[in-house]
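Everything below concerns the one structure shown next.
Protein chains in written order, with the working numbering: chain A, 21 to 162; chain B, 509 to 606; chain C, 240 to 781.
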């Protein structure tokens with residue numbers, strides 16, 4: 021189990037082991053699930069009320085399906101922890117947060133100074149997503 | 509023979525392994541035999557070269573000749589801009605590539 | 240032209256610092272080449288055959304004089320005195336040093352330019368009609384829509400690690416000058432029966448290994464929803480595009496494998512969902528951008544007369560100027576294809592001359608074309624002769640627009656690590672061989688790629704040439720009958736390939752056959768479509 025290096029929420033972390041998307045529907049007491057790149061995040065939408073932790077695995081950083089999975093869950097109203105795990109690199113974490121991730125468990129821990137710079141690099145963003153930041157166009161037309 | 513080539517990390521210049529360092533000139537290249545992987549790993553880790561790999565070459569009267577045309581163009585420079593190659597004063601230099 | 244506000248400027252300035260930091264980490268050993276590679280690529284920095292190569296974005300091909308001058312400055316200060324204009328309306332420099340790349344980006348940012356997303360598996364620089372805002376036949380200026388796409392696609396958090404690169408083009412006239420249907424998404428701004436403007440979406444086109452012409456998946460998306468629709472197209476692709484094989488990872492394969500109808504169904508479902516998310520910029524934002532693309536203050540009452548007493552000038556006017564929407568004005572095209580030269584290359588001095596001319600004669604505007612030429616979009620007809628004289632004195636007055644010497648060629652094996660064969664020497668030899676008969680031949684678009692990736696658009700050439708590697712020897716295949724325009728078609732291979740001199744001979748034989756077969760008013764492409772491949776094959780292979 022890789023450690024969670026960053027967590028941007030104050031509730032107690034869920035200790036349950038994450039199960040696969042396939043088995044989550046049947047395991048009616050499960051609260052944690054792990055999404056692999058080929059999984060359909062929408063399969064989880066019927067179960068949002070009991071879902072408390074979603075791990076999204078990035079086996080290689082170049083496989084960007086996890087970004088869509090994260091946004092789809094947040095767009096559907098998922099409020100629990102959304103954790104990026106795997107090949108999570110410092111140059112991707114800002115994008116991940118914008119897609120709704122609020123916890124990060126990289127295989128190789130990030131350099132804290134680099135991560136700090138990455139979170140704060142861009143003061144404004146062109147697109148509204150699910151992170152609550154206003155798009156630049158919203159600021160322009162206040 | 510097997511020779512090693514790559515690019516200088518900072519300048520991007522094409523370089524060739526001489527046995528002790530990286531040279532701009534393919535004629536300085538040495539046969540690395542079975543040692544390619546060891547040298548490549550060490551030199552890339554030390555950031556003296558990037559994107560390096562081993563290629564086949566032969567030695568003839570004119571010097572060392574990489575087996576593939578792509579490596580010969582790398583060794584010389586763009587055939588369509590002789591002025592920017594390593595042999596700007598030699599109008600016949602491009603023929604070596606083909 | 241679009242001017243950055245403080246938000247746009249802050250974005251490119253932050254990017255410079257981010258890249259400076261990434262380069263520092265690479266040089267200090269904190270980043271492996273493997274981790275650095277996608278980062279530098281997303282900033283247009285390649286490791287090419289001879290050095291690093293930097294590709295600079297020229298959004299929808301539009302530039303001011305100051306921006307163009309900066310491109311010349313970069314050519315001289317950081318490169319070897321020249322740049323190469325590409326088939327995606329960008330410019331690339333072939334001899335860049337990694338340690339200087341952040342300084343180049345800082346120089347670019349000082350004139351509202353960048354290299355963001357000029358490579359990588361992300362949404363690339365959006366291209367458009369090079370005559371936008373000047374063409375007599377356009378419905379509206381397509382560039383405000385392209386600018387809106389530029390902003391939406393810049394650092395898009397969901398779509399920066401797509402299965403493969405993603406190219407978009409926007410046009411607004413029925414004459415397609417941007418190869419719109421050969422893009423991952425091509426958008427044509429159209430007007431419906433009710434008189435409203437909308438966006439027709441063509442998805443899944445492209446060249447490369449498996450060329451495809453994009454089908455129209457929605458003929459009218461309202462303009463206050465078109466970013467949301469694009470987002471839906473991209474999300475379906477990001478989730479379901481193939482990632483197991485890089486040669487099957489482009490959206491055209493997804494659309495082909497799912498079928499147009501199923502892909503469209505999925506997009507429409509995603510679109511319906513995304514409409515609930517309020518991600519579309521407000522109409523006020525589109526209006527803000529449009530206001531920056533209003534016509535320059537054209538003079539009225541100008542004469543359309545041109546003094547044609549200098550025959551060289553008259554030839555250039557006939558070949559290299561295009562009808563303008565304003566009376567008394569013309570669109571002037573500067574050919575970067577002198578006989579025997581390298582297609583698309585321009586020296587720092589030439590770039591500065593073009594910058595000066597734009598300021599003096601074209602309301603401070605230039606365009607880059609996908610055919611690797613430069614356009615001065617708004618020139619008074621009365622100024623054309625003075626303009627031409629300066630061009631002529633600087634090797635920029637070749638009168639061959641869309642003729643056989645106006646060859647599109649990728650950099651090929653002279654510069655590119657992906658190439659299998661050289662492209663430029665073939666272009667040079669054909670241009671020299673055919674120069675004397677260019678006028679007689681008329682419109683003939685010849686396009687050369689040095690590998691199957693098709694950066695030289697060989698599938699879309701009236702005559703196309705594809706360089707391949709045959710056991711370490713350069714070999715060239717010939718294709719006939721392609722077109723990138725509204726009559727979009729893909730070329731067909733004639734038969735066995737040729738060596739370097741053989742391909743030049745074959746092009747000449749094909750051209751001779753056309754001349755002997757053509758009927759009144761036919762272009763090469765028209766004759767080919769009328770008589771088919773057989774007579775040309777016979778001419779080539781006997």
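Where a beta carbon is used, it is the ideal one built from N, C-alpha and C, also for glycine.
Here the structure is a predicted model, which is why all the values come from computation and not from measurement.
Could you please give the first and the last residue of the uninterrupted alpha helix (DSSP H) stretch that includes residue i?
i, result
"residue 490 of chain C", "490-497"
"residue 587 of chain C", "587-600"
"residue 308 of chain C", "304-316"
"residue 576 of chain B", "Premise fails: residue 576 of chain B is in no alpha helix (DSSP H) and is neither H nor E."
"residue 275 of chain C", "272-280"
"residue 764 of chain C", "763-770"
"residue 541 of chain C", "Neither: residue 541 of chain C is in no alpha helix (DSSP H) and is coded neither H nor E."
"residue 344 of chain C", "340-348"
"residue 473 of chain C", "465-479"
"residue 191 of chain C", "Outside the shown range of chain C (240 to 781) lies residue 191 of chain C, about which nothing can therefore be said."
"residue 553 of chain B", "544-553"
Figure out for me which residue from the options has the closest Cα to the Cα of residue i.
i, options, result
"residue 750 of chain C", "C:777, C:735, C:726 and C:729", "C:777"
"residue 286 of chain C", "C:536, C:496, C:408 and C:335", "C:335"
"residue 243 of chain C", "C:353, C:258, C:430 and C:413", "C:353"
"residue 706 of chain C", "C:725, C:655 and C:613", "C:655"
"residue 150 of chain A", "C:395, C:664 and C:737", "C:395"
"residue 312 of chain C", "C:754, C:641, C:349 and C:624", "C:349"
"residue 513 of chain C", "A:129, A:93, A:39 and A:114", "A:93"
"residue 79 of chain A", "A:70, A:58, A:30 and A:29", "A:58"
"residue 91 of chain A", "A:43, A:134, A:121 and A:112", "A:121"
"residue 643 of chain C", "C:627, C:658, C:439 and C:665", "C:665"
"residue 731 of chain C", "C:677, C:697, C:748 and C:674", "C:697"
"residue 100 of chain A", "A:46, A:144 and A:27", "A:27"
"residue 308 of chain C", "C:746, C:605 and C:284", "C:605"
"residue 522 of chain B", "B:604, B:598, B:593 and B:601", "B:593"
"residue 270 of chain C", "A:156, A:146, A:130 and A:142", "A:130"
"residue 551 of chain B", "B:534, B:565, B:564 and B:530", "B:530"
"residue 345 of chain C", "C:299, C:695, C:413 and C:260", "C:260"
Can you name, in chain order, every residue of its own chain whose Cβ lies under 7 Å from the Cβ of residue i, other than the five neighbours on each side?
i, result
"residue 320 of chain C", "314, 586 and 587"
"residue 519 of chain C", "463, 464, 466 and 467"
"residue 770 of chain C", "756"
"residue 471 of chain C", "506, 509, 510 and 513"
"residue 389 of chain C", "298 and 365"
Along the beta strand (DSSP E) that carries residue i, what are the first and last residues, could you check?
i, result
"residue 459 of chain C", "455-461"
"residue 511 of chain B", "510-515"
"residue 52 of chain A", "52-55"
"residue 182 of chain C", "With chain C running from 240 to 781 in the structure shown, residue 182 of chain C is simply not present."
"residue 331 of chain C", "330-335"
"residue 126 of chain A", "123-126"
"residue 605 of chain C", "604-607"
"residue 285 of chain C", "284-286"
"residue 558 of chain B", "558-568"
"residue 324 of chain C", "321-324"
"residue 250 of chain C", "Segment 245-266 is the alpha helix (DSSP H) holding residue 250 of chain C; no beta strand (DSSP E) there."
Cutting at 6 Å between CB atoms, please list the residues of its own chain near residue i, excluding the five before and the five after it.
i, result
"residue 68 of chain A", "98"
"residue 638 of chain C", "554, 555, 558 and 559"
"residue 386 of chain C", "241 and 528"
"residue 105 of chain A", "75, 77 and 125"
"residue 527 of chain B", "538"
"residue 563 of chain C", "373, 569 and 570"
"residue 282 of chain C", "258 and 354"
"residue 305 of chain C", "350"
In its own chain, which residues sit with a C-beta less than 8 Å from the C-beta of residue i, not counting the 5 before and 5 after it?
i, result
"residue 342 of chain C", "317"
"residue 441 of chain C", "419, 420, 422, 424, 425, 426, 427, 453, 454, 455 and 456"
Say whether chain E places a C-beta atom closer than 8 Å to the C-beta of residue i.
i, result
"residue 334 of chain C", "Given the protein chain composition of this structure (A, B and C), no chain E is represented."
Handout entry: In chain order, each alpha helix (DSSP H) run of at least 4 residues that lies wholly inside the region 352-433 of chain C
Key = 382-392
Handout entry: Every unbroken beta strand (DSSP E) inside the region 75-118 of chain A [3 residues or more]
Key = 101-106
Handout entry: Residue ranges of each alpha helix (DSSP H) within the region 616-668 of chain C, 4 or longer
Key = 623-632
Practice task
Report the residue ranges of all beta strand (DSSP E) runs contained in full by the region 688-730 of chain C; include only those spanning at least 3 residues, in chain order.
Solution key: 702-709 and 712-719
Exercise for the section: Report yes or no: do the region 515-533 of chain B and the region 277-295 of chain C share at least 3 C-beta pairs separated by less than 8 Å? Expected result: yes
Practice task
May I ask you to verify whether the region 577-584 of chain B touches the region 126-138 of chain A, counting CB pairs closer than 8 Å and requiring at least 3?
Solution key: no
Problem - Any 3 or more C-beta pairs closer than 8 Å across the region 430-448 of chain C and the region 477-496 of chain C - result: yes
Exercise for the section: Decide yes or no for the touch test of the region 138-146 of chain A against the region 250-269 of chain C: beta carbon pairs closer than 8 Å, at least 3 of them. Expected result: yes
Problem - Cβ pair count under 8 Å reaching 3, the region 647-663 of chain C against the region 706-718 of chain C - result: yes
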